[in-house]
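Chains C, Z, X and P supply the protein sequences, listed in that same order.
The first sequence begins at 156 in the numbering used here and counts up one residue at a time.
The second sequence begins at 755 in the numbering used here and counts up one residue at a time.
The third sequence begins at 54 in the numbering used here and counts up one residue at a time.
The fourth sequence begins at 5 in the numbering used here and counts up one residue at a time.
See below for the structure under consideration.
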Amino acid sequence: MGTFFSIIVMAVLVNNFVVVQFLGICPFLGVSKKTSSALGMGVAVTLVMTITCLITYPLYEYILVPLGLEYLEIIVFIFVIAALVQMIERAIRKFSPPLYRAMGIYLPLITTNCAVLGVAELVIDKAQMMSLLGITSMNVGVAVLYGLFAGVGFTVSIVIMSGLREKIDRLKLPKALKGFPITMLAACFMAMGFYVFNMIG
Amino acid sequence: MTVRQFLKSEAFKCIVVLLAIALVAGGLLAILNDLLAVSAEERTMRAIESVYGQQMEYETLEYDAADLTNEYGSIDQAYLLENGAYMLRSTGGDGYKNGTVTMWVILSPAGDGSLGIYKVVMQEYAKQTLMAQFGESFYAVYTAHNSELADGEIWFSVDASGIQNTQAGATMSSRAINNAVNCALYFARNVLQGGEA
Amino acid sequence: MTGQRFKQISLDGLLRNNPTFRLVLGTCPTLALSTAAFNGIGMGLAVTFILICSNVLISLLRKAIPNAVRIPAFVIIIATFVTIVRMVLDKFIPSLYESMGVYLPLIVVNCIILGRAESFASKNKVLDSALDGLFTGLGFTCALTLLGIIREVLGSGAIFGYQLWDFRIGFFSSSAGAFFVYGMSIALFNHIYSKIENKLRSKNFEARIMQKPDIGEPENELADQAEEAQNAALQTAPDQNAPTAAANAGHDNGGEA
Amino acid sequence: MQMIVCASVQWDKVGLVLGIIAALAVLFAVLILIVTKVCHIKEDEKVVKILEHLAGANCGGCGHTGCEGFAQCLACGKATLDDCKVTSDEEKKEIAKLIGIEFSAAEPTVAVAMCSGGVNAEDRYMYVGNDGCAYLNQYLGGVKLCKTACLGGGSCAEVCPVDAIKIKDGVAVIDKTVCISCGACMRVCPRGVIERVPAKAKVYCACSTNCKGKETMAFCKQGCIGCGLCARTCPSGAITMKDNLPVFDYSKCTGCMKCLEKCPRHVIKTM
Numbered sequence: 156m157g158t159f160f161s162i163i164v165m166a167v168l169v170n171n172f173v174v175v176q177f178l179g180i181c182p183f184l185g186v187s188k189k190t191s192s193a194l195g196m197g198v199a200v201t202l203v204m205t206i207t208c209l210i211t212y213p214l215y216e217y218i219l220v221p222l223g224l225e226y227l228e229i230i231v232f233i234f235v236i237a238a239l240v241q242m243i244e245r246a247i248r249k250f251s252p253p254l255y256r257a258m259g260i261y262l263p264l265i266t267t268n269c270a271v272l273g274v275a276e277l278v279i280d281k282a283q284m285m286s287l288l289g290i291t292s293m294n295v296g297v298a299v300l301y302g303l304f305a306g307v308g309f310t311v312s313i314v315i316m317s318g319l320r321e322k323i324d325r326l327k328l329p330k331a332l333k334g335f336p337i338t339m340l341a342a343c344f345m346a347m348g349f350y351v352f353n354m355i356g
Numbered sequence: 755m756t757v758r759q760f761l762k763s764e765a766f767k768c769i770v771v772l773l774a775i776a777l778v779a780g781g782l783l784a785i786l787n788d789l790l791a792v793s794a795e796e797r798t799m800r801a802i803e804s805v806y807g808q809q810m811e812y813e814t815l816e817y818d819a820a821d822l823t824n825e826y827g828s829i830d831q832a833y834l835l836e837n838g839a840y841m842l843r844s845t846g847g848d849g850y851k852n853g854t855v856t857m858w859v860i861l862s863p864a865g866d867g868s869l870g871i872y873k874v875v876m877q878e879y880a881k882q883t884l885m886a887q888f889g890e891s892f893y894a895v896y897t898a899h900n901s902e903l904a905d906g907e908i909w910f911s912v913d914a915s916g917i918q919n920t921q922a923g924a925t926m927s928s929r930a931i932n933n934a935v936n937c938a939l940y941f942a943r944n945v946l947q948g949g950e951a
Numbered sequence: 054m055t056g057q058r059f060k061q062i063s064l065d066g067l068l069r070n071n072p073t074f075r076l077v078l079g080t081c082p083t084l085a086l087s088t089a090a091f092n093g094i095g096m097g098l099a100v101t102f103i104l105i106c107s108n109v110l111i112s113l114l115r116k117a118i119p120n121a122v123r124i125p126a127f128v129i130i131i132a133t134f135v136t137i138v139r140m141v142l143d144k145f146i147p148s149l150y151e152s153m154g155v156y157l158p159l160i161v162v163n164c165i166i167l168g169r170a171e172s173f174a175s176k177n178k179v180l181d182s183a184l185d186g187l188f189t190g191l192g193f194t195c196a197l198t199l200l201g202i203i204r205e206v207l208g209s210g211a212i213f214g215y216q217l218w219d220f221r222i223g224f225f226s227s228s229a230g231a232f233f234v235y236g237m238s239i240a241l242f243n244h245i246y247s248k249i250e251n252k253l254r255s256k257n258f259e260a261r262i263m264q265k266p267d268i269g270e271p272e273n274e275l276a277d278q279a280e281e282a283q284n285a286a287l288q289t290a291p292d293q294n295a296p297t298a299a300a301n302a303g304h305d306n307g308g309e310a
Numbered sequence: 005m006q007m008i009v010c011a012s013v014q015w016d017k018v019g020l021v022l023g024i025i026a027a028l029a030v031l032f033a034v035l036i037l038i039v040t041k042v043c044h045i046k047e048d049e050k051v052v053k054i055l056e057h058l059a060g061a062n063c064g065g066c067g068h069t070g071c072e073g074f075a076q077c078l079a080c081g082k083a084t085l086d087d088c089k090v091t092s093d094e095e096k097k098e099i100a101k102l103i104g105i106e107f108s109a110a111e112p113t114v115a116v117a118m119c120s121g122g123v124n125a126e127d128r129y130m131y132v133g134n135d136g137c138a139y140l141n142q143y144l145g146g147v148k149l150c151k152t153a154c155l156g157g158g159s160c161a162e163v164c165p166v167d168a169i170k171i172k173d174g175v176a177v178i179d180k181t182v183c184i185s186c187g188a189c190m191r192v193c194p195r196g197v198i199e200r201v202p203a204k205a206k207v208y209c210a211c212s213t214n215c216k217g218k219e220t221m222a223f224c225k226q227g228c229i230g231c232g233l234c235a236r237t238c239p240s241g242a243i244t245m246k247d248n249l250p251v252f253d254y255s256k257c258t259g260c261m262k263c264l265e266k267c268p269r270h271v272i273k274t275m
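So this is what it looks like as structure tokens:
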């Protein structure tokens, strides 16, 4: 059980991809106008992250490393993520067109989302994972769980930001500050707040 | 859905196109990777050239794993150069976000037989985002203290316990670099010189 | 490929659709790398080169790639280019590879390249796509260098590595500072850009009104052509004194139709 | 050179790579196609083409939630092309061809605030609270005595995408040269003071109250008293009086400004 909780704490709080490591900022800023679309984006990214870890970890461990083809790592990972995003795009287009329109260009951009590829790269880095979670051996289960909770961490931070933004957009702001700049300022204060996790992590 | 229809259908076109692009990309990469592979020898030769400005013969030194790692970090490769200098590729740990720093440390025998640091070259660094902060002045400190190093048991450190060398705003990365250099020094003293220092 | 189209694409890439300030794409590398101006130039030029190559190839294949598998196909093309560039640099120009080693894998993750491929290259001709890639890349390079200079001067008192003074504000080299500087420069850019656009639109007001044929008046080919040219000139040509360093367009607006 | 190239390339490794990548590509292509088949939605070909020509700003100026909704209504004829102000005229010509209707460039229009009250109009009560027209319009029919007066809350200036609106002495003034007639201000104004006027118009009546003279004088120093002088003096008969307000027929108006000189209340203003 210990590792389960440490995964949750590490993935959601201490090593939160968006707010501590500042990866995946494009959708974090782009889609967080409304909480509904932010939640939709969060779920889509979590789904992609989980399935990516499920596929890329064994792919790397049992096929690429034994055959010495490490240099293919980036190409294969990005291909897997892109295929998953294409499937998710078709699914979202069918089941919730308003969410599909709200995400717009940011849906295909999940592929180049630094967080998703970041998880895939982090999970296969055994030494890093072991020191992070304080476990002795790495297996697919841990990888998938970490992917899942990294997605949850992403969703949590994007939903918090969308709640913040809905409040912010009602303020009387100079017109130039409306939209992205004020979101960046909010993210700046959020970053200062989360700086403390750097110390623990 | 006869086979003929399937062959003409949109689905088949997708599979063929994706397969074709993947094969061309994969094939190109595989071939290029073998063609453009940079061998370990070439990397070492480049390191020598970057330090001494000209190519030089070298001899690879082999050590068992126990000697290669110590409390500061680990030595990846050790070479003895033509002019008697040692070239060590050492990795120092617990930098920013427990990333590592890998450096070439070149130790040249000083007059009295002890090994002074001739030059320190940054090789690679993982997750140390503030590397741009480290100017020439930071690296020059390592080569300036050879006399104190000669009488042994003095290491580089971030605080004042040893020879202080830190960069404001990037103390964790400085610690990793200090560890890399200390690891090379420790290896040089205990293993290269038979541990009498 | 009329002069008009060239002007539209070049000003789109540099000003109207500047990837960093207007489209706000590629934020991860922008935040991570703008600690030093030199990083900005290195990353910017690498992105520009790969953006041009991938835009050209994608717009060449745009009719062949069916819509159902377009994302994986584009991504493979981009990732292949990045890896090839990395291998070639590592083998033939090691010094350049050393200084850019950290950024090259980051480019695969850069949203700008897939963003431009998806929204422009997959819908336009090859030459237009190549130009769009070039100017979007240049827009990105200028923006990144600008941010790099600001953060380097304030954060570590140096510019392009040359130490100016010892006064340092730690905030600006931290990631929170990155958000702050990036947000403020977007606000400044948008503010100046909308001011110029409004001023330009009001100056062209009379011409805009006269051009429109009244109801019932027969439209002729000449009126159409003039009106289309006028619209394009109105839409994109900023004044000479457009402040951002990128906008050295420096040509007068209109009168070219 | 050719021999050296072949030698250093380990062909077995290359074969291996091709095998793995081919397997992955086919596997994922099939997976994608299955998902595409499952999630196939019938998409009207025409709507997609129309969408390409629309400006795609999703501003809602046409009353639909976004461009897609507007495109669907266009395809089945429920919406007209003039609703969309943002798309340029050439694109509208293309769309017209697509859905097979005749289209001629509509007269360009600009928005104008039909009120000159502000400091001149009496307040019903002194309002202290959040600024914004919606709040000012909440109690007892609005802070101004006059039912159709501009409240000066500035919500229209706040929402205008091109900053064309300024609040001068409590009244919204729209700069016609900057205005792109997108209708955002008209939607946000709780009093309906802002209306669209042909861009070529020279004059307009800066008042929209339908009360008779004496009542108007009671609550506004500059309201229109419906005397009809302007209608009588207009040489080209462009002005007709309709429930105490002048209505301009801009196709006849020659811009001679006689009505402006004649108006005792100086309510008729130049654009």
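A virtual CB, placed ideally from N, CA and C, is assigned to each residue, including glycine.
A quick note: this is a predicted structure, and the numbers were derived from the prediction, not measured.
Collapsing the DSSP output to three states places P:A176 in a strand. With a 10 Å radius around the Cβ and a threshold of 16 neighbouring Cβ atoms, C:P263 comes out buried. The beta-carbon of C:K189 is placed no less than 9 Å from the nearest beta-carbon of chain P.
Along the stretch 26-41 of chain P, the positions whose C-beta sits under 7 Å from a C-beta of chain C are L28, F32, L35, I36, V39 and T40, read in chain order.
With a beta-carbon spacing of about 6 Å, P:K262 and P:C238 fall inside the 8 Å limit used to define contacts. Of the candidates C:L168, C:M293, C:G306 and C:K333, C:M293 places its Cα closest to the Cα of C:Y215. Going by DSSP, Z:L842 is part of the beta strand (DSSP E) stretching over Y840 to G846. Neighbourhood of C:L227 in chain Z, by CB distance below 9 Å: G780, L783, A784 and N787, in chain order. DSSP lists P:A115 as the bridge partner or partners of P:R200.
Taking 9 Å as the CB threshold, Z:A765 stays off the interface with chain C. X:F224 is positioned such that its CB atom lies no closer than 9 Å to that of X:F213. Counting every other CB atom within 10 Å of its CB across the protein chains shown gives P:K180 a total of 16 or more, marking it as buried.
Z:Y817 is the residue among Z:V875, Z:Y817, Z:L790 and Z:G846 whose C-alpha sits nearest the C-alpha of Z:N944. Considered as a whole, the stretch 82-143 of chain X harbours 90-114 as its complete alpha helix (DSSP H) runs of no fewer than 4 residues, in chain order. Residues are counted here when their Cβ sits less than 8 Å from a Cβ of chain P; for the stretch 325-339 of chain C these are K327 and K330, given in chain order.
For P:T220, there is no enclosing beta strand (DSSP E); the enclosing alpha helix (DSSP H) has its first and last residue at G217 to F223. The beta carbon of P:I272 sits closer than 8 Å to the beta carbons of V207, Y208, C209, A210, C234, P250, C263 and L264 from its chain, once the five residues preceding and following it are set aside; these are given in chain order. Along the stretch 125-142 of chain X, going in chain order, the ones with a CB nearer than 8 Å to a CB of chain Z are P125, A126, I129, I130, A132, T133, T136, I137, M140 and V141. Looking at C:F349, C:M316 and C:T201, the one whose alpha-carbon comes closest to that of C:I243 is C:T201. C-alpha of P:V39 to C-alpha of C:R245: approximately 7 Å in a straight line. Taking C-alpha positions only, X:V109 is separated from Z:N824 by approximately 52 Å.
Under the three-state reduction of DSSP output, X:F213 falls in the coil class, being neither helix nor strand.
Here Z:Y833 carries a strand assignment [DSSP, helix/strand/coil]. Neighbours of X:Y235 across chain C, judged by C-beta separation under 8 Å: M339. Under DSSP, Z:V874 takes part in a beta bridge, and its partners are Z:V859.
Looking at the DSSP output, P:A125 shares a beta bridge with P:C224. Under the three-state reduction of DSSP output, C:M258 falls in the helix class. Contacts between X:V122 and chain P, judged by CB atoms closer than 7 Å, involve A33 and I36 in chain order. The alpha-carbon of X:F193 is positioned some 12 Å away from that of X:D185. Along the stretch 195-228 of chain C, the positions whose C-beta sits under 9 Å from a C-beta of chain P are L214, I218, L219, L222, G223, L224 and L227, read in chain order.
P:V251: member of the beta strand (DSSP E) spanning L249 to F252, first to last residue. Cβ neighbours of P:G217 within its own chain (closer than 6 Å, five residues either side excluded): I229. Interface with chain X (9 Å Cβ-Cβ cutoff): P:K204 is included.
With its beta carbon at least 9 Å from every one in chain Z, X:A240 lies outside the interface. Interface criterion not met: the Cβ of C:F183 is under 9 Å from no Cβ in chain Z. With respect to P:I198, P:C160 sits close: the two C-beta atoms are nearer than 9 Å.
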